[in-house]
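Chemist: Protein chains in written order, with the numbering used here: chain D, 7 to 350; chain P, 14 to 339; chain F, 1236 to 1553. For each residue, glycine too, the CB sits at the ideal point set by N, CA and C. This structure is a prediction, so every number in the text was calculated from the model and none was measured. Pasting a structure here, questions to come.
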Amino acid sequence: MSLDQPMGTVNDVPRTAPVLEVQDLRTYLYTRWGTTKAVDGVSFSLGSGETLGIVGESGSGKSMLALSLVRLTPEPAGKIVGGRVMLNGRNVLDLTDRQMREVRGKEISMILQDPQQSLNPVFSVGDQLAEAIRVHDRDLDDKLIHERSVDALKSVHVPAPERRLKNFPHQMSGGMKQRIVGAMAMAYQPQVLVADEPTTALDVTIQAQYLRLLKDLQERTGVAIIVITHDFGVIAETCDRVAVMYAGRFVEEGPVEQIFDHPRHPYTRALLESRPKVDLKSTRLQSIDGQPPSLIDLPIGCRFAARCAYAIERCLAEYPPWFEITEAHAAACWRSEEVPWPSP
Amino acid sequence: MAEPLMVVESLSKHYPVSEGQYGGRTVGYVKAVDGVSFTIEKGRTLALVGESGCGKTTTARLVLRLRTPTGGTVKLEERDVHQLSGADLKWFRTSVQAVFQDPWASLSPRMRVRDIVAEPLVANHRVSKDEVRERVGVTLEKVGMQRWQGDLYPHEFSGGQRQRVALASALITEPRLLVLDEPVSALDVSVQAQVMNLLKDLQAELGTAFLLISHDLATVRYVADHVAVMYMGSIVESGSVDQIFETPRHPYTRGLFDAALPTHPRNRTEKLEIKGEMPSPLNPPTGCRFRTRCPQVMSICETVPETIEVAQGHRVACHLFTPEWS
Amino acid sequence: MSVRNQPARFESDTDEALELNFDIQGHPVRRPWWKVWSKRNNRVPWVSIFVVLFVLVLPALLADVITTHDPLRGVLADRLTPPFWMEGGTTTYPLGTDKQGRDILTRLIYGARISLTVSTITILIGAVVGSTLGLLAGYFGGWVDRFVSWLIDTFLSLPHVLLALVIVAAIGPSFVTIVAIIAVTIWASFARQVRGETLSVRETEYVARAHVAGTTSWRILLRHVLPNVANTLIVLATLQVGVVILEESSLSFIGAGIPRPNPSWGVMVADGRDQILISWWISFFPGLCILLVVLSLNLLGDWLRDFLDPKMRQRGRS
Ligand SMILES: Nc1ncnc2c1ncn2[C@@H]1O[C@H](COP(=O)(O)OP(=O)(O)OP(=O)(O)O)[C@@H](O)[C@H]1O
Ligand SMILES: Nc1ncnc2c1ncn2[C@@H]1O[C@H](COP(=O)(O)OP(=O)(O)OP(=O)(O)O)[C@@H](O)[C@H]1O
Ligand SMILES: [Mg+2]
Ligand SMILES: [Mg+2]
């Protein structure tokens, strides 16, 4: 199978009509040290009201994938070099910058990992919310904008929203700031929300509250959510489907229960086994030796082969195609059928 | 029960909050640590858990003698750490070492790994160059690195490797106590496992005691023998790992477990007990500090609860367990 | 990456995207300096380096070799000769002569020597005194810090020129006076900058680690803090050369600086002041030298600042 062919979606028949369909997306970063293939042929589709989790190690390209969906890849190093991002039947990659600005916020929104980065320290929260609203409704008067802002804050359960609007970011806790960012992202009820590590900067108790809030927003508005994380706990808590990303590609995708119960890719298994567990005392953790390959200089075969305990000759020589396990569950591994689980 | 190595008694650190230039007027105090007591046993691990800002790092810094306490004592083998000087101080510096959270910030960017690892040794002992080289080599191998890697600079390593370097440096004087301030939380999941396994192996091999600071309950369960749960500067519950994880008593501890993310989608969180956020440390609630968020708050909670031993070694500071109420 | 509060890398500007390499964990890796240098040389401000070298440094070092005229005594017969390309000009005096018949070019060359000497000495004094005080204040805090901060604020708010005039009026102009005056005015900038940097370096985990290791405070200052504020010092020193030259020239111009007949650029501008409409070259060339050198040094300093930017260093994510 040639690497340049589209990888094909796993979920060819999604449960609901897809709002977002990504086909063979490739985002490369042109640096002086070489071309970083941060996203290298990723395909998936997402139905409305659905939550897709994307997990992977640091540097696997999760954030670049998220940024590509909203066309905010770093300039000028980052370029989307191939593929399609079909949002409501339109290819987002074909839009002009102006059209894209319209689409961002109205049809697709994003929440970043660090609220510090998304809020401007010199403007009050109210000003920043108003700004986000004005982008889409240029001729709203101040009173309406104020009402909308208050509504937006109410929707993310911020207590005393009127007073909060006057606050500056530094006067608020991390959890509160992340809620404000959420309010800004959801102000126009987009159909797709991309959340890139939305809770990594938050405390355990606040994290749980925030994930609860996202679910709540989803139930009310039917927004489709993409949750990007390195934490299987977040996946277990929030997602319907999971995609495991490794070195720029998805290596396994399927319904969340199946991924946890019957992971088929050795990498997914290794990740699942390397976590210590709150609810049972483990004697020894499985660790993955070695490091992921450089995205500049990728091997021709399976990218995980060098660290994989089950690798055979073929894994080094040929990139594995998708093997379907069930209708909705697939893994890109030559030996997905043979690898024992739970591992001995 | 093993012998105690370090005994901490009613330790406090209050940071003055001041206004104006050149020091200025003190307008209040942040009680970062307020009356904390615990014991670390020889060769065992005590974990300190709690949310951001509850005073874990401050406690670690007090124990490490990087800050002077406002009150209370830290005793290492019956000697008050903050009263030491001269040769005794050297003894302390070789007996207690630390590994910090951020592997990208905890190694001097301008020193070779070899010099970083050797630092505690050369600072406290007169040793020949050859001996330093040998000890550095041996220690690097102990943490699973190669000798030649000592010639490199920190930026040439990945996060996990850097944490190994920090660990090697901390172990070179064969300390009795290692303070680990969030040693894995900056690392990738797969790398976390490596470092945690390494920590366990080293403890088994060298018999070093650990003071492990973490906000991740799963990590704590994996590494610790005893656990102390902190909230806004004080310990609200402490006990053995099994006591804390099997029968958590304090509403805050139980809330932490509720909020911990599930290991399987089957066990999704049902309901969240703890509402809202931690109050400002400048203006903490009177009485029980947790009462503003507590699902079981009562009128008596406006008074400070005493610490009660509910089982052998299992202590809880909550009115629910004072004899009159339970 | 599971780091809390990790800055979003994608917000990085072009520079970072192009210059930084990322290691396997996605964290920036600093290239060896020669590689960074060779990758960046297209943006090295060659013009500025050229100006500083050929207008300031080389003339100052090689004055006696380059020119045979006497900078102090002129040939009265040749007074007010215009530059060679003008009518009446001669190649013996390429840039003309002044009222006393002294060769302008020669005086410029010796003036460069004065500028360089004054700036080297004052910056050495300022940097040593300023960074020592800054290091101590930032590192030890407490009353040391309060005292030094108060000193810094006081010195930064003093009116320099007035101060200079008062001192010169009291003890008369001399080389030593001017060096002392300028050193007094610039140490504070060094102290302020170094104090700030030290404050942040002091809080880093590697300094905490060094304490735990039992390293003494002095050793920590020398081995951990100083190397990490060195970049700032280099940049500041470069920028201050321009400031010193300007200050020396201004003082000399108002007669409170280098005493006549020494050929300071400022003195030369002042000397040609009353002739500016007729014999413009007397003031023009020294003025041009001041302008070019100060401008170039500023550009050079800015470039150095970017070049040695802490972003390029392994700083963790704070
Ligand atoms: N601005 C940039 N310029 C050049 N390369 C970059 C830039 N940002 C990221 N990269 C590289 O792109 C690759 C993918 O990075 P990305 O940020 O998508 O990873 P990630 O999976 O989100 O990791 P993390 O979990 O650390 O957030 C990495 O190899 C990284 O080094
Ligand atoms: N030098 C200081 N001056 C004033 N207040 C401080 C200082 N250091 C810490 N604090 C305050 O003391 C409290 C405890 O801080 P500490 O760093 O010990 O928390 P922590 O439990 O380690 O949190 P985290 O999980 O975020 O590391 C916080 O409210 C903090 O703002
Ligand atoms: Mg990311
Ligand atoms: Mg801390």
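Less than 9 Å between the beta carbons of Pro278 (chain P) and Ile241 (chain D), yes or no?
Modeler: Within the second sequence, numbered from 1, the residue matching residue 278 (chain P) stands at position 265. Within the first sequence, numbered from 1, the residue matching residue 241 (chain D) stands at position 235. For Pro278 (chain P) and Ile241 (chain D), yes; Cβs fall inside 9 Å.
Chemist: So the candidates are D:Gly181, D:Asp303, D:Arg290 and D:Leu286; which of them puts its Cα closest to the Cα of Pro165 (chain D)?
Modeler: What you label residue 165 (chain D) is simply residue 159 of the first sequence in a count that begins at 1. Here the closest residue by C-alpha is D:Gly181.
Chemist: So is the beta-carbon of Ser8 (chain P) under 8 Å away from any non-hydrogen atom of ligand 2?
Modeler: Residue 8 (chain P) lies beyond the stretch modelled for chain P, which goes from 14 to 339, so this question has no answer here.
Chemist: Going along the chain, which unbroken runs of the beta strand (DSSP E) with 3 or more residues stay wholly within the segment 144-217 of chain D?
Modeler: Runs found: 198-202.
Chemist: Suppose the cutoff is 7 Å on Cβ atoms and the five residues either side in sequence are ignored; what does the same chain contact list for Thr235 (chain D) look like?
Modeler: Residue mapping note: residue 235 (chain D) aligns to position 229 of the first sequence, counting from 1. Cβ within range, chain order: Gly59, Val61, Glu203 and Ile241.
Chemist: Is there at least one non-hydrogen atom of ligand 4 closer than 8 Å to the beta-carbon of Glu1432 (chain F)?
Modeler: The residue you call residue 1432 (chain F) lines up with position 197 of the third sequence. No; taking the cut-off as 8 Å, the Cβ of Glu1432 (chain F) has no heavy atom of ligand 4 nearer than that.
Chemist: Could you check the C-alpha separation between His152 (chain D) and Ala336 (chain D) for me, to the nearest Å?
Modeler: The residue you call residue 152 (chain D) lines up with position 146 of the first sequence. The residue you call residue 336 (chain D) lines up with position 330 of the first sequence. Cα-Cα distance, rounded: 48 Å.
Chemist: Can you tell which of P:Cys301, P:Glu322 and P:Leu102 has its C-alpha closest to the C-alpha of Cys314 (chain P)?
Modeler: The sequence position of residue 314 (chain P) within the second sequence is 301, counting from 1. Per the Cα distances, P:Cys301.
Chemist: Touch check for the segment 178-192 of chain D and the segment 155-162 of chain D: three-plus C-beta pairs under 8 Å?
Modeler: The segment 178-192 of chain D is in contact with the segment 155-162 of chain D.
Chemist: In the DSSP assignment, find the beta strand (DSSP E) that holds Gln29 (chain D) and state where it starts and stops.
Modeler: If you number the first sequence from 1, residue 29 (chain D) lands on position 23. That run of the beta strand (DSSP E) goes Pro24 to Thr37.
Chemist: Comparing the CB of Lys69 (chain P) with every heavy atom of ligand 2, is any distance shorter than 8 Å?
Modeler: Stepping through the second sequence from its first residue, residue 69 (chain P) is reached at position 56. Checking every heavy atom of ligand 2 against the Cβ of Lys69 (chain P), one is found closer than 8 Å.
Chemist: Beta-carbon within less than 8 Å of Ser1273 (chain F)'s beta-carbon, same chain only, minus the 5 sequence neighbours each way: which residues are those?
Modeler: Mapped onto the third sequence, residue 1273 (chain F) falls at position 38. Annotation note: pLDDT 48 at Ser1273 (chain F) (below 50); position unreliable, no value reported.
Chemist: I'd like to know whether the C-beta of Arg106 (chain P) is nearer than 9 Å to at least one C-beta of chain F.
Modeler: Residue numbering aside, residue 106 (chain P) sits at position 93 when the second sequence is read from its first letter. So yes, Arg106 (chain P) belongs to the interface.
Chemist: Could you check what DSSP says for Met19 (chain P) in three-state terms: helix, strand or coil?
Modeler: Along the second sequence, read from residue 1 onward, the residue named residue 19 (chain P) stands at position 6. Strand at Met19 (chain P).
Chemist: Quick check on this structure: which residue in P:Ser253, P:Leu102, P:Val30 and P:Val208 has the alpha carbon closest to the alpha carbon of Thr52 (chain P)?
Modeler: The residue given as residue 52 (chain P) occupies position 39 in the second sequence. Checked all of P:Ser253, P:Leu102, P:Val30 and P:Val208; the closest Cα to Thr52 (chain P) is P:Ser253.
Chemist: For chain P, find out if any of its Cβ atoms is closer than 9 Å to the Cβ of Val1287 (chain F); answer yes or no.
Modeler: Within the third sequence, residue 1287 (chain F) is the residue found at index 52, counting from 1. Cβ-Cβ to chain P under 9 Å: no for Val1287 (chain F).
Chemist: Flag Ser280 (chain D) as yes when its Cβ comes closer than 8 Å to any non-hydrogen atom of ligand 1, and as no otherwise.
Modeler: Position 274 of the first sequence, counted from the start, is the residue given in the question as residue 280 (chain D). No - ligand 1 has no heavy atom lying nearer than 8 Å to the Cβ of Ser280 (chain D).
Chemist: In the DSSP assignment, find the alpha helix (DSSP H) that holds His1446 (chain F) and state where it starts and stops.
Modeler: Start at 1 with the first residue of the third sequence, and residue 1446 (chain F) comes out as number 211. Segment Glu1440 to Val1447, the alpha helix (DSSP H) holding His1446 (chain F).
Chemist: Cβ of Ala1404 (chain F) less than 9 Å from any chain P Cβ?
Modeler: As a first step, residue 1404 (chain F) must be located in the third sequence, where it is residue number 169. So, not an interface residue.
Chemist: Is Lys26 (chain P) helix, strand or coil when you go by DSSP?
Modeler: Within the second sequence, numbered from 1, the residue matching residue 26 (chain P) stands at position 13. Of the three classes helix, strand and coil, the one that applies to Lys26 (chain P) here is strand, per DSSP.
Chemist: Whose Cβ in chain P lies nearer than 9 Å to the Cβ of Glu1432 (chain F)?
Modeler: For the purposes of this step, residue 1432 (chain F) is taken as the residue at position 197 of the third sequence. The premise fails here: Glu1432 (chain F) is roughly 14 Å from chain P at the closest Cβ pair, so nothing lies under 9 Å.
Chemist: With a cut-off of 8 Å on the beta carbons, I'd call Leu102 (chain P) and Lys55 (chain P) a contact; round off their distance for me.
Modeler: On the second sequence, position 89 is the one that residue 102 (chain P) refers to. On the second sequence, position 42 is the one that residue 55 (chain P) refers to. At roughly 21 Å, the Cβ-Cβ gap does not stay under 8 Å, so Leu102 (chain P) and Lys55 (chain P) are not in contact.
Chemist: Within its chain, find whatever has a CB closer than 8 Å to the CB of Val130 (chain P); leave out the 5 residues flanking it on each side and keep chain order.
Modeler: Against the second sequence, residue 130 (chain P) aligns to sequence position 117. Taken in chain order, the residues that qualify are Val149, Thr152, Leu153, Gly163, Val178, Ala181, Ser182 and Ile185.
Chemist: Pop quiz: Gly1373 (chain F) and Thr1433 (chain F) are said to be a contact at Cβ under 8 Å. What is the actual Cβ separation, rounded to whole angstroms?
Modeler: In the third sequence, residue 1373 (chain F) corresponds to position 138, counting from 1. In the third sequence, residue 1433 (chain F) corresponds to position 198, counting from 1. Indeed they touch by this definition, with Cβ atoms about 3 Å apart.
Chemist: Of all the options P:His263, P:Leu77 and P:Asp255, which has the alpha carbon lying nearest to the alpha carbon of Val242 (chain P)?
Modeler: Taking the second sequence and counting its residues from 1, the one referred to as residue 242 (chain P) is at position 229. Measuring from the Cα of Val242 (chain P), the nearest candidate turns out to be P:His263.
Chemist: Among P:Pro292, P:Leu333, P:Arg328 and P:His327, which residue has its Cα nearest to the Cα of Ser312 (chain P)?
Modeler: Counted from its first residue, the second sequence places residue 312 (chain P) at position 299. The option with the nearest alpha carbon to Ser312 (chain P) is P:Leu333.
Chemist: Quick check: is the beta carbon of Val135 (chain P) nearer than 9 Å to any beta carbon in chain D?
Modeler: For the purposes of this step, residue 135 (chain P) is taken as residue 122 along the second sequence, with counting starting at 1. No, Val135 (chain P) does not count as interfacial toward chain D.
Chemist: Quick check: the Cα distance between Ala1443 (chain F) and His228 (chain P), rounded to an integer number of angstroms?
Modeler: Within the third sequence, the letter at position 208 stands for residue 1443 (chain F). Within the second sequence, the letter at position 215 stands for residue 228 (chain P). For Ala1443 (chain F) and His228 (chain P), the distance between alpha carbons rounds to 21 Å.
Chemist: Buried or exposed, going by whether 16 or more other CB atoms sit within 10 Å of the CB of Asn296 (chain P)?
Modeler: For the purposes of this step, residue 296 (chain P) is taken as the residue at position 283 of the second sequence. Classification for Asn296 (chain P): exposed.
Chemist: DSSP puts His327 (chain P) in a beta bridge; with which residues?
Modeler: In the second sequence, counting from the first residue as 1, residue 327 (chain P) sits at position 314. Paired residues: P:Ala324.
Chemist: Would the beta-carbon of Ala1298 (chain F) fall within 9 Å of that of Arg1348 (chain F)?
Modeler: Position 63 of the third sequence, counting from 1, holds the residue named residue 1298 (chain F). Position 113 of the third sequence, counting from 1, holds the residue named residue 1348 (chain F). Contact flag set, yes.
Chemist: Nearest-angstrom Cα distance between Thr1355 (chain F) and Trp1538 (chain F)?
Modeler: Residue numbering aside, residue 1355 (chain F) sits at position 120 when the third sequence is read from its first letter. Residue numbering aside, residue 1538 (chain F) sits at position 303 when the third sequence is read from its first letter. About 20 Å.
Chemist: Determine the burial state of Met116 (chain D): buried for a count of at least 16 other Cβ atoms within 10 Å of its Cβ, exposed for fewer.
Modeler: Here residue 116 (chain D) corresponds to residue number 110 of the first sequence, with the count starting at 1. By the neighbour-count rule (16 or more Cβ atoms within 10 Å), Met116 (chain D) is buried.
Chemist: As a quick exercise: from D:Tyr316, D:His268 and D:Leu286, pick the residue whose alpha carbon is nearest that of Glu259 (chain P).
Modeler: Stepping through the second sequence from its first residue, residue 259 (chain P) is reached at position 246. Answer by Cα proximity: D:Leu286.
Chemist: Are the CB atoms of Glu187 (chain P) and Thr107 (chain P) within a distance shorter than 9 Å?
Modeler: Within the second sequence, residue 107 (chain P) is the residue found at index 94, counting from 1. Within the second sequence, residue 187 (chain P) is the residue found at index 174, counting from 1. Their beta carbons are under 9 Å apart, which means Thr107 (chain P) touches Glu187 (chain P) by this criterion.
Chemist: Which of helix, strand or coil does DSSP assign to Arg1479 (chain F)?
Modeler: Taking the first residue of the third sequence as 1, we reach residue 1479 (chain F) at position 244. Residue identity check: residue 1479 (chain F) is Val in the sequence provided, not Arg. Helix.
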